[in-house]
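Protein sequences, first through last, are from chains A, B, C and D. Numbering of the first sequence is given in my numbering, commencing with residue 1 and proceeding in unit increments. Numbering of the second sequence is given in my numbering, commencing with residue 1001 and proceeding in unit increments. Numbering of the third sequence is given in my numbering, commencing with residue 2001 and proceeding in unit increments. Numbering of the fourth sequence is given in my numbering, commencing with residue 3001 and proceeding in unit increments. Yeah, the Cβ is synthetic: ideal placement off N, Cα and C, and Gly gets one too. Quantities reported herein were computed from a predicted structural model and do not represent experimental measurements. These notes are about the structure you will find just below.
Number of protein chains: 4
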Amino acid sequence: MVIIMNVDATAAEIKGVIEAVNGAGLEAKVMEGSQQKIVGVIGDKTRLASVPIDALPGVEKTVSISKSYKLASREFHPQSSVIDVAGVKIGDGTPVVMAGPCAVESKEQLFEAAEIVKAAGAQFLRGGAYKPRTSPYSFQGLEEQGLKYLAEARERTGLRVVTEVTTVEAIDGVAEYADMLQVGARNMQNFGLLKEVGRCGKPVLLKRGLAATIDEWLNAAEYIMNEGNPNVVLCERGIRTYETYTRNTLDLSAVAAVKHLSHLPIIVDPSHGTGKWRMVKPMAFAAVAAGADGLMMEVHPNPAKALSDGPQSLTPENYQEVMAGIQKLSQFMKQENIVPMDI
Amino acid sequence: MVIIMNVDATAAEIKGVIEAVNGAGLEAKVMEGSQQKIVGVIGDKTRLASVPIDALPGVEKTVSISKSYKLASREFHPQSSVIDVAGVKIGDGTPVVMAGPCAVESKEQLFEAAEIVKAAGAQFLRGGAYKPRTSPYSFQGLEEQGLKYLAEARERTGLRVVTEVTTVEAIDGVAEYADMLQVGARNMQNFGLLKEVGRCGKPVLLKRGLAATIDEWLNAAEYIMNEGNPNVVLCERGIRTYETYTRNTLDLSAVAAVKHLSHLPIIVDPSHGTGKWRMVKPMAFAAVAAGADGLMMEVHPNPAKALSDGPQSLTPENYQEVMAGIQKLSQFMKQENIVPMDI
Amino acid sequence: MVIIMNVDATAAEIKGVIEAVNGAGLEAKVMEGSQQKIVGVIGDKTRLASVPIDALPGVEKTVSISKSYKLASREFHPQSSVIDVAGVKIGDGTPVVMAGPCAVESKEQLFEAAEIVKAAGAQFLRGGAYKPRTSPYSFQGLEEQGLKYLAEARERTGLRVVTEVTTVEAIDGVAEYADMLQVGARNMQNFGLLKEVGRCGKPVLLKRGLAATIDEWLNAAEYIMNEGNPNVVLCERGIRTYETYTRNTLDLSAVAAVKHLSHLPIIVDPSHGTGKWRMVKPMAFAAVAAGADGLMMEVHPNPAKALSDGPQSLTPENYQEVMAGIQKLSQFMKQENIVPMDI
Amino acid sequence: MVIIMNVDATAAEIKGVIEAVNGAGLEAKVMEGSQQKIVGVIGDKTRLASVPIDALPGVEKTVSISKSYKLASREFHPQSSVIDVAGVKIGDGTPVVMAGPCAVESKEQLFEAAEIVKAAGAQFLRGGAYKPRTSPYSFQGLEEQGLKYLAEARERTGLRVVTEVTTVEAIDGVAEYADMLQVGARNMQNFGLLKEVGRCGKPVLLKRGLAATIDEWLNAAEYIMNEGNPNVVLCERGIRTYETYTRNTLDLSAVAAVKHLSHLPIIVDPSHGTGKWRMVKPMAFAAVAAGADGLMMEVHPNPAKALSDGPQSLTPENYQEVMAGIQKLSQFMKQENIVPMDI
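Structure representation (structure tokens):
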């Protein structure tokens, strides 16, 4: 941490800062020029977590230097992690695909979707049984019945199942039926939920919050990992900006940023990221070319009848085209040794 | 809802849209010009919640017109609500003040803060027992012990207690000790939590999410009210923008917007809204002048020793100055009939 | 400036950084811990402007500490500036008001507006002769004819005239007719224009850019001042955020921030800041309570016939109500010594 | 346009709106339900540009439906445009590359850079002679001397030259030396500049504004095209968001959006888009996979000595790797008929 003092900070104020730093068991080093007075702090930043340096007399502001997450950081775990979800490996160099309807609506819809998803070569079936919706009057999901359909669809197809959990109470049920638990964007800082999915033993797909920084996102992963669960996969799904043409602004540079900062795999959801099915294909191709470890996409047997997120769902035909393209692209990149990120 | 068709939408596509609208029991009206084809939908929008009009062939986009919330809307409840919290009225024309430390740190700290808060004329003591923190390694709050200190401080001072609840499991405990439950910014769309605080019977202070639109915020209030709890007070606490000088950008225009759209009272938190104690006074004055129904402010007996949010906490002296100013301003505005909002 | 080195930076890389810093005539100081290596730089930051420290081998990132503007900074000019515009003082403790139509549309419209503006006690007439519009097909202003009407309106009413200049070529003409030149939000970083208005000798009203940080805004003021023109008044007019209910998000905390960082006066434009006439009154009151040095507001004899920005224009009646309120509020605050900002 | 009336709008107010619409020569159609009253407007929206419908009594808000740009719109020009810049075609299916230093610093630096740029297969040399800088004390460019070096470098290498023009006065000079004029992000709504580059006859590279919507960007192109210059190429260079890890947030979905809305070619600048050289390669690959018509990248013979934007400049080695990757990717996609966008 670097502490910037006011231009007119007194010697006593600087002394007070040094004492506070030393009091936390850390070393302080003063740099003084004609216009600037800086106190550098060397050591484990977590020791300063409970010392409000910013509020000490004479302090203008503090600048954080080290990262507040550790388990999720590449500094402490230089090698990229590969997460095994019921035998499917995420992060091993071949992008995985998680596809399916936004919400589980009926047995027929889900089974039909699962067949389509499977046929084109995806590894995971997605589908919400618990749906977080802006309005209490929108369709909230089939809940436990939806989980059962997902499990049945897995038996029929051999696909792994990933589905969202929105409350602590639902974790046991979701963990019973699903292979991977998804924490959605709206719950990325629901710390109670993060801790509990950290304890449940199943791999977790952690979506980026609506307006979360990459730093906050990796700290959210840290909450899960700190409970003993190292099996976290991140999912970029678009951030909130001033642009209204797209539902969100898909931040593909987050793929490169996360690869640099963390060892955890990262996948991309171009369906929520853009909100328009027409943009899913180009963004899926872009995600693969940027080095993403996988994709999550919405596909619906009949998008025009979807109970949730119809406009961003692919038809079976679109979906097959996307799948064919990303498979060719990723194989070509591997074969030609085209490496997006030098870590 | 207004449905904008593609420029080259066919007659069959327009017919398909009309049938979908009629199928939901609503009336459709077509308007056609040389460059535009529009289908207007008249009726209860919630009936369309499960029809993905956007995904129908030939549809360019849909534009929502009516609001998705009802109980929170002024259209359905033209008169401003006054919420009674253990005898203190919020929304009756005199701004209430909720003040105290960010976090309950110890009995001594809290009692000292409570005396200061009370002496200057506030009605509520605030203080977090459960703290949602970005990093799992930051101070997480004293939890139940903190609640007990808050209840003791209430007995000593007569102040009402408002404190945050972050998990469904903690609701009963918080409701036992507190007069008002706060749902924090990070949990504004934790719908499971919203439903449960809606059922718990206590008044709720609902903070605006970090990047929540006013529409989403009022929908979050709707979740609480829809469970039978009409006692919701909103709290503007700054939104996330590109500006880094302040911790958040305090959106005081939200006071006017909420007054126009909703009958619920709204208060302002300039401490989190700016992240700098120096800016609390001007923003508190501004909030009162804009017509806010109250303020939430952080005050700490010794900000330089605060375990959380020290830089934005007022010293007892600052706080007394702020209190004196807002009391004078609000009395003057009442007496001179200076009305910020014509609703 | 503080230079954060990579965790695994070598001794040679640190040496390289020190040499680069010394090469620019500055002193470097190294702080090294187990997880962090930092190089502090002491001295005049402008000397490093042409040294790309960030790109040196082993450097993770640099953190700027001192401000890049000087003439606009309170550090170099502790006393608040009072700007004299043809005898009207801005920044002397009494808020000034600049009011009028968005655009000059006709002699009649402008003269009628000017009478209304004058009658209620404003000091400045505003009105665009050159209008920057998103679409080339929107009304672009009456140009020189508009300037002449403004000058005539000044003669009839005694109001000062402030109007926007959008091109270097138009500066001389605008300076001939107006008392104060406005640089609009879209031109805040049109550096050629800034330099020329810096040379033209007239006071300048510098609006904040659509998405400008406070730091960039003060640097834009620095461009003007650096050409020898110290008479700059800043105007907060709302920033671009994800919120769509308001046209922009009025950042009233910028008033407090600017007062702390700079000696220049700052006024607030609640008309553009909100885009809704209904919100102008509460935001005008809030701006005064926050300590703004003045207000800019749109008022139109008949908003329903305005050629530009009708929805945000006050009717003459609204305007008189706003004026009465802000005059009472500001007098009361002065008389009671209610000081929003302790600088 | 769709006009949403207040819930309690009177018959007289609705009549007033209809008359205003008819008065502009357009047809109005009323839709009335129990909770909603809507007036649809059919016809050429530009006719309403000077009628402030929003300000009419009883109007809640208006919703724009048709686009305000025409010449830039795919609706009026369904086939994709190919722009010829001194014989190099942009938009013909093979991505072009514009590379070079951020700023022209010296003859030696530029010539060295040009050789590197040429050797790896780019078509354009970029390099700023006029630099728009946040601070007046930063390096502002070599101005005319820089233009001469660029022209000399063209003669030596056969590369086309693209360089930024920041003022109307400089247009003639830049047009004399360059093959393509760049309008930078800060000037995207400098309408005087847009009009003049529209008249100068040379092809224009129009960068997206710091916080411009896609709609505003296409309207900026419309300003240029409306002066008779159809040769506009768009350049996505990142938008301003709350995320601070990257300099901007590169919005690759803008490639797909622009392809859908407009016939103009679009290229991507991952150097400014991310601000970090490490992220240029993955984002360049992603841009090509998303269907971009080209790339603009910063490369410097020695980034550690660059006078501007060192941290985001590629070394010659990085650059060659990026070039090799994008050439392979784009050839493979063509050969395998992997089409990112179905327009």
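Output needed in chain order: residues of the region 1009 to 1037 of chain B with a Cβ under 7 Å from some Cβ in chain A.
Cβ proximity to chain A below 7 Å picks out nothing from the region 1009 to 1037 of chain B.
Report yes if the C-beta distance between P2101/C and G2127/C is below 7 Å; otherwise report no.
Numbered from its first residue, the third sequence carries residue 2101/C at position 101. Numbered from its first residue, the third sequence carries residue 2127/C at position 127. Contact flag set, yes.
Under 7 Å (Cβ pairs) to chain C, residues found in the region 3184 to 3195 of chain D:
Within the region 3184 to 3195 of chain D, contact with chain C at the beta-carbon level (separation under 7 Å) is assigned to R3186, N3187, Q3189, N3190, F3191, G3192.
Once DSSP output is grouped into helix, strand and coil, what is the label at T2157/C?
By one-based count along the third sequence, residue 2157/C stands at place 157. Reduced to three states, the DSSP call for T2157/C is helix.
Alpha carbon of G2273/C to alpha carbon of Q2327/C, nearest angstrom
Position 273 of the third sequence holds residue 2273/C. Position 327 of the third sequence holds residue 2327/C. When rounded, the distance between both Cα atoms is 21 Å.
Out of K2259/C, E2164/C, V2299/C, K2015/C, which has the shortest C-alpha to C-alpha gap to G2275/C?
Translated into the one-based positions of the third sequence, residue 2275/C becomes position 275. Of the candidates K2259/C, E2164/C, V2299/C, K2015/C, the one whose C-alpha sits nearest the C-alpha of G2275/C is V2299/C.
Thinking C-alpha only, which one of I1267/B, A1113/B, L1056/B is nearest V1097/B?
Against the second sequence, residue 1097/B aligns to sequence position 97. Of the candidates I1267/B, A1113/B, L1056/B, the one whose C-alpha sits nearest the C-alpha of V1097/B is I1267/B.
Rounded to a whole number of angstroms, what is the C-alpha to C-alpha distance between A2287/C and I3338/D?
On the third sequence, position 287 is the one that residue 2287/C refers to. On the fourth sequence, position 338 is the one that residue 3338/D refers to. Their backbone Cα atoms lie some 56 Å apart in a straight line.
Give every residue of the same chain whose Cβ lies closer than 8 Å to the Cβ of G1158/B, excluding the five residues on either side of it in the sequence, and list them in chain order.
Along the second sequence, read from residue 1 onward, the residue named residue 1158/B stands at position 158. For G1158/B, where only same-chain residues beyond five positions count, the Cβ hits under 8 Å are K1118.
If we ignore side chains and look at the alpha-carbon of each, how far apart do G2025/C and I3239/D end up?
Start at 1 with the first residue of the third sequence, and residue 2025/C comes out as number 25. Start at 1 with the first residue of the fourth sequence, and residue 3239/D comes out as number 239. One C-alpha to the other measures close to 36 Å.
Taking only runs that begin and end inside the region 1113 to 1154 of chain B, name each unbroken beta strand (DSSP E) of 3 or more residues, in chain order.
1124 to 1126
If you follow the beta strand (DSSP E) that T3062/D is in, where does it begin and where does it stop?
Walking along the fourth sequence from the start, residue 3062/D turns up at place 62. Taken as a continuous stretch (DSSP letters only), the beta strand (DSSP E) holding T3062/D covers 3059 to 3063.
CB contact below 7 Å: R237/A versus chain B
On the first sequence, position 237 is the one that residue 237/A refers to. No, no contact with chain B.
Please report how far the alpha carbon of V2197/C lies from the alpha carbon of L3206/D, in whole angstroms.
As a position in the third sequence, residue 2197/C is number 197, starting the count at 1. As a position in the fourth sequence, residue 3206/D is number 206, starting the count at 1. Using only the alpha carbons, I get a separation of about 26 Å.
Buried or exposed for N3010/D, please, with buried defined as at least 16 other CB atoms from any protein chain shown within 10 angstroms of its CB.
Along the fourth sequence, one-based indexing puts residue 3010/D at 10. According to the sequence as given, residue 3010/D is Thr; it is not Asn. Exposed.
Using three-state DSSP, classify L2252/C as helix, strand or coil.
Counting from 1 along the third sequence, the entry for residue 2252/C is found at position 252. Coil at L2252/C, not helix or strand.
Close-in-space but distant-in-sequence residues of the same chain around T2315/C (CB under 7 Å, 5 per side omitted):
Numbered from 1 along the third sequence, position 315 holds the residue referred to as residue 2315/C. Within the same chain, T2315/C has close Cβ partners P2303.
Looking at the strands, I want to know which residues DSSP matches up with T2163/C.
By 1-based counting over the third sequence, the position of residue 2163/C is 163. Answer is L2181/C, bridged to T2163/C.
Measuring only between beta-carbons, confirm whether E216/A sits less than 7 Å from chain C.
Indexing the first sequence from 1 puts residue 216/A at position 216. No, E216/A lies away from the interface with chain C (no Cβ there is under 7 Å from its Cβ).
For I2038/C versus I2004/C, is the C-beta spacing smaller than 7 Å?
Reading the third sequence from its first residue, position 38 is the one you call residue 2038/C. Reading the third sequence from its first residue, position 4 is the one you call residue 2004/C. Yes, these two residues count as a Cβ contact at 7 Å.
Helix or strand or just coil, what does DSSP make of S3330/D?
Along the fourth sequence, read from residue 1 onward, the residue named residue 3330/D stands at position 330. Helix, per DSSP.
Could you check what DSSP says for V1982/C in three-state terms: helix, strand or coil?
An answer regarding residue 1982/C cannot be provided, because it is not within the stretch 2001 to 2343 covered by chain C.
Look at the alpha carbon of P3301/D and the alpha carbon of Q3145/D, and state the distance between them as a whole number of angstroms.
By 1-based counting over the fourth sequence, the position of residue 3301/D is 301. By 1-based counting over the fourth sequence, the position of residue 3145/D is 145. So the alpha carbons of these two residues sit roughly 20 Å apart.
Which residues in chain C sit within 7 Å of Y242/A, going by Cβ to Cβ distance?
As a first step, residue 242/A must be located in the first sequence, where it is residue number 242. Under the 7 Å cutoff, chain C gives R2240, T2241, Y2242.
Neighbour flag for V1299/B against chain D, beta carbons, 7 Å:
Along the second sequence, one-based indexing puts residue 1299/B at 299. No, its Cβ sits nowhere closer than 7 Å to a Cβ of chain D.
Using a C-beta cutoff of 7 Å, does V59/A count as contacting chain C?
In the first sequence, counting from the first residue as 1, residue 59/A sits at position 59. Closer than 7 Å: no.
Own chain residues within Cβ distance below 7 Å of A211/A, not counting five before or after:
In the first sequence, counting from the first residue as 1, residue 211/A sits at position 211. Closer than 7 Å at the Cβ level, and outside the excluded window around A211/A, lie I239, R240.
Closest Cα partner of T166/A within the set A185/A, L150/A, E155/A
Here residue 166/A refers to the residue found at position 166 of the first sequence. Each of A185/A, L150/A, E155/A was checked against the Cα of T166/A, and the nearest Cα belongs to A185/A.
Cα separation between E2019/C and L71/A?
Counting from one through the third sequence, the residue named residue 2019/C turns up at place 19. Counting from one through the first sequence, the residue named residue 71/A turns up at place 71. The straight-line gap from Cα to Cα measures roughly 35 Å.
Check whether chain A comes within 7 Å of S3148/D, counting only Cβ atoms and requiring the distance to be less than that.
In the fourth sequence, the residue the question calls residue 3148/D occupies position 148. It is Lys, not Ser, that sits at residue 3148/D in the sequence shown. Not an interface residue.
Consider the Cβ of V1161/B: report whether some Cβ of chain D lies at a distance smaller than 7 Å.
Here residue 1161/B corresponds to residue number 161 of the second sequence, with the count starting at 1. It does not; no Cβ of chain D falls within 7 Å.
Any 3 or more C-beta pairs closer than 8 Å across the region 1107 to 1118 of chain B and the region 1067 to 1083 of chain B
As far as the Cβ criterion goes, the region 1107 to 1118 of chain B does not touch the region 1067 to 1083 of chain B, which means the pair count is below three.
Presumed contact (8 Å Cβ cut-off) between A3220/D and L3194/D, rounded CB distance:
Reading the fourth sequence from its first residue, position 220 is the one you call residue 3220/D. Reading the fourth sequence from its first residue, position 194 is the one you call residue 3194/D. Confirmed, Cβ separation roughly 6 Å.
What residue does the alpha helix (DSSP H) around G294/A start on, and which one ends it?
Stepping through the first sequence from its first residue, residue 294/A is reached at position 294. Not the alpha helix (DSSP H): G294/A falls in the beta strand (DSSP E), residues 294 to 298.
Going by beta carbon distance, what residues of the same chain come within less than 8 Å of E3027/D, once the five residues before and after it are set aside?
In the fourth sequence, counting from the first residue as 1, residue 3027/D sits at position 27. The answer, listed in chain order, is V3021, V3041, I3042, G3043.
Residue nearest to N3318/D in terms of C-alpha spacing, selected from L3329/D, P3282/D, Q3335/D
Within the fourth sequence, residue 3318/D is the residue found at index 318, counting from 1. The shortest C-alpha to C-alpha distance from N3318/D to any of L3329/D, P3282/D, Q3335/D is the one to P3282/D.
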